[in-house]
Ligand code: UTP
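Numbering (the numbering used here), first residue to last: -15 to 463.
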């Protein structure tokens, strides 16, 4: 009897048969056609890339099957209960205790492509602080370090990157000696990717003749990435019980805010979220709502115009619980979710994706030509039975860097920092000459090592001090 013979020769340029099979099942005829025309080296490169891409998942979503997020339950929306009122001493003490006993870690999601900002570099390395011009990463790391010093415990900083942002983000930390963080305090982990598909044909799109176009799989990819990296389990073994989550593009974020922590602990919440008031119907911000006892987040693009415009008798928007993406997760709850599979559903969006067609021509589409697939962290909220929303003031905690100019731009993010620092300074009794609050300039900056919040500033600032903007308030300039 003749022995079994492999139908292809390893290393002879044949396509891995299992991969071919899967491509055929997902009807990726164009990819197979492209394959035939490639050099041996490019074939190898494409094969390696395809082995790491879940094109079957993407094709299922293209067909309207698979793990896709459902339509938002717009008819059943209820305004959610939001905790308001002044910070209570009790909450502050509870939060401080959790920080002192080392129960808290911090996670920043920094894997996005910053398309609207128009940079090819990671957003985290964008210079953002008004006077020192420190990057977003530098600022966040300083806040974590200052908080660690304040509470006598090194707070772990988890940084989620993507293949688009990883190398440069890590290099930025390395070149700057991790901004003074203790060895091992900053931990990088990478999220996954998803391909885009032609809107009409469900074929993979290519960014080079031998390279499939892919994009990070959304900030919700952080769950699968936490699981794959083993970091969530590691944190648990280390004694961490709560994870503070925020987005890299918000310079005003109060990292691991002790009062927020205390509120979260007091409520025994699985998930807690800060909320800011949406004031303009057209503002591009997600909205919290309650549906059948669960916490839902409605994307701005899913909110119908008439509902977005509706106002209450006092003139406020009816649907106004805006999401600044500042959350606290109970780690035990998170681990249970990860145990169950960690796969949040995909949101399918129609986008413009430039690509190389079968003839090798570079196509820049004039209208949406592709489907992109992303997971969003807020779909996790639906799994929580104990959740808490806490109101905060936008000017104190949210000034995202999204666009190159106009709204949510470098200019507005700087002005927002200047205004907040000006408010802290004047409330602490300082006289600040030459500052125009309406323009939010000239620049003011309070170094996190001098003060992380208004109270700390009031404690450290010499009484009756006079300053002239622009000014930097740090341990060297103010004694
Ligand atoms: P955005 O949705 O604002 O995306 O992300 P972006 O990449 O910053 O900007 P655009 O949309 O391309 O212009 C909000 C936060 O979620 C992170 C981003 O890094 C940012 O902190 N994010 C987004 C990820 O970590 N991974 C993703 O796949 C997407």
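Heads up, the beta-carbon is just placed ideally off N, CA and C, and yes, glycines get one too.
If we call anything under 8 Å between Cβ atoms a contact, is residue 121 one with residue 109? With a cutoff of 8 Å on beta-carbon distance, residue 121 and residue 109 are scored as near each other.
May I ask whether a heavy atom of ligand 1 can be found less than 7 Å away from the beta carbon of residue 392? The beta carbon of residue 392 sits no closer than 7 Å to any heavy atom of ligand 1.
Please classify residue 354: is it buried, with 16 or more other beta-carbons within 10 angstroms of its beta-carbon, or exposed? Within a 10 Å sphere around the beta-carbon of residue 354 sit 16 or more other beta-carbons, which makes this residue buried.
In three-state terms, what does DSSP make of residue 429? Per DSSP, reduced to three states, the secondary structure at residue 429 is strand.
With distances taken between CB atoms, is the gap from residue 174 to residue 146 smaller than 8 Å? Yes, these two residues count as a Cβ contact at 8 Å.
Return the residue from the list 202, 117, 1, 91 that minimises the CA-CA distance to residue 328. Per the Cα distances, 202.
For the beta strand (DSSP E) containing residue 442, list its first residue and its last residue. Per DSSP, residue 442 belongs to no beta strand (DSSP E); it is in the alpha helix (DSSP H), 438 to 444.
Would you identify the three-state DSSP class for residue 345, choosing helix, strand or coil? Correct three-state label for residue 345: coil.
For the stretch 275 to 303, list the beta strand (DSSP E) runs that are entirely contained and at least 3 residues long, ordered along the chain. Listed in chain order, the complete beta strand (DSSP E) runs (minimum 3 residues) inside the stretch 275 to 303 are 278 to 282.
By alpha-carbon positions, which one of 266, 172, 167 ends up nearest to residue 149? Out of 266, 172, 167, 172 has the C-alpha closest to the C-alpha of residue 149.
From which residue to which residue does the alpha helix (DSSP H) around residue 334 run? Looking at the DSSP string, residue 334 is not in any alpha helix (DSSP H); the run it does join, the beta strand (DSSP E), is 331 to 335.
Could you check what DSSP says for residue 371 in three-state terms: helix, strand or coil? Three-state result, residue 371: strand.
Proximity of residue 260 and residue 403 at Cβ, strictly below 8 Å: In terms of Cβ geometry, residue 260 and residue 403 do not form a close pair [threshold 8 Å].
Reference residue 423; option with closest CA among 398, 435, 441, -1: That would be 398, whose Cα lies nearest to the Cα of residue 423.
Which of the three DSSP states, helix, strand or coil, is assigned to residue 194? Secondary structure of residue 194 (DSSP, three-state): coil.
Pairwise C-alpha distance: residue 264 and residue 65: Cα-Cα distance, rounded: 21 Å.
For residue 268 and residue 348, I'd like the C-alpha separation in whole angstroms. Residue 268 and residue 348 have their alpha carbons spaced roughly 26 Å apart.
Just list the alpha helix (DSSP H) runs in the stretch 23 to 53, keeping only unbroken ones of 4 residues or longer that don't cross its boundaries, in chain order. If only uninterrupted alpha helix (DSSP H) runs of at least 4 residues are considered, those enclosed by the stretch 23 to 53 are 24 to 35, 39 to 46.
Considering only the beta carbon of each residue, do residue 434 and residue 462 sit closer than 8 Å? Closer than 8 Å, so yes.
According to DSSP, residues forming a beta bridge with residue 306: Its beta-bridge partners are 260, 271.
Given this structure, state the Cα-to-Cα distance separating residue 40 from residue 6, to the nearest angstrom. Between residue 40 and residue 6, the C-alpha separation is close to 7 Å.
Tell me the start and end of each unbroken beta strand (DSSP E) in the stretch 150 to 222 that is at least 3 residues and wholly inside, in chain order. DSSP runs (the beta strand (DSSP E)) wholly in the stretch 150 to 222: 170 to 174, 177 to 179, 190 to 192, 198 to 200.
Considering only the alpha carbon of each residue, which of 332, 366, 371 lies closest to residue 356? Answer by Cα proximity: 332.
Using 8 Å for Cβ pairs, my map puts residue 129 next to residue 165. What's the rounded Cβ distance? Going by Cβ atoms, the distance from residue 129 to residue 165 rounds to 6 Å, so yes, they are a contact pair.
Would the stretch 15 to 30 count as touching the stretch 174 to 185 if we require 3 or more Cβ pairs under 8 Å? The stretch 15 to 30 is not in contact with the stretch 174 to 185.
DSSP state of residue 362, grouped into three classes? Reduced to three states, the DSSP call for residue 362 is helix.
Please report the straight-line C-alpha distance between residue 154 and residue 106, rounded to a whole angstrom. Cα to Cα, the separation comes out at about 10 Å.
Nearest candidate by alpha-carbon position, reference residue 163, set 118, 152, 178, 207: Considering only alpha carbons, the answer is 118.
For a test of your reading of the model: does the CB of residue 358 fall under 7 Å from any non-hydrogen atom of ligand 1? Yes or no. It does: the Cβ of residue 358 is within 7 Å (strictly closer) of some heavy atom of ligand 1.
Compute the Euclidean distance between the alpha carbons of residue 446 and residue 79, then round it to the nearest angstrom. Straight-line Cα distance between these residues: approximately 27 Å.
Beta-carbon proximity list for residue 176, same chain, < 7 Å, skipping 5 on both sides: Contacts found: 201, 205, 208, 209.
Quick check on the DSSP output: the beta strand (DSSP E) that includes residue 244 runs from which residue to which? Per DSSP, residue 244 belongs to no beta strand (DSSP E); it is in the alpha helix (DSSP H), 242 to 250.
Using 7 Å as the cut-off, classify the Cβ of residue 232 as near or not near the heavy atoms of ligand 1, replying yes or no. Within the cutoff, so yes.
Flag this pair as yes or no: are the beta carbons of residue 190 and residue 88 separated by less than 8 Å? It is not a contact, given that the beta carbons lie outside the stated cut-off.
Inter-residue Cα distance where the pair is residue 52 and residue 81: Looking at the two C-alpha atoms, the distance is approximately 41 Å.
Excluding the 5 residues preceding and the 5 following residue -12 in the sequence, name in chain order all residues of the same chain whose CB lies nearer than 7 Å to its CB. The pLDDT assigned to residue -12 is 47, lower than 50, so where the model puts this residue is not dependable, and the model offers no usable value.
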